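Number 68 marks the last residue of the sequence shown (this note's numbering); no jumps. Each residue gets a CB set at the ideal place from its N, CA and C atoms; glycine is no exception. Since we're looking at a predicted model, the values are computed, not measured. Encoded as structure tokens, the structure appears first; notes follow it.
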Amino acid sequence: MDLLPGINTGLQDVGLNNMMEAFNGALGSKFICNKCKKQLQLDDICYCTDANTKCHCNSRTCCTGTLEECSGKFI
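So, in structure tokens, the structure goes:
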């Protein structure tokens, strides 16, 4: 699943078209999970409610949600 088109559409819907360039720049950064210290990819980030206190990667060892429940859902 590619989240970028959905994010772009969401930004356009609220009149923040200029934010996509900044967002793309941020994606070039290395995102590191604060819990497991693994490098994250945008499509690997878990957005379930447990992600506030547990690991944000989709390793499923630290999240109670399923892949379908967590992927691409913003809390």
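By alpha-carbon distance to Met13, the top candidate from Leu33, Lys31 and Leu(-4) is Leu(-4). Excluding residues up to 5 positions away in sequence, Leu33 lie with their Cβ nearer than 6 Å to the Cβ of Phe24 in the same chain.
Under the three-state reduction of DSSP, Gln34 is assigned to coil, being neither helix nor strand.
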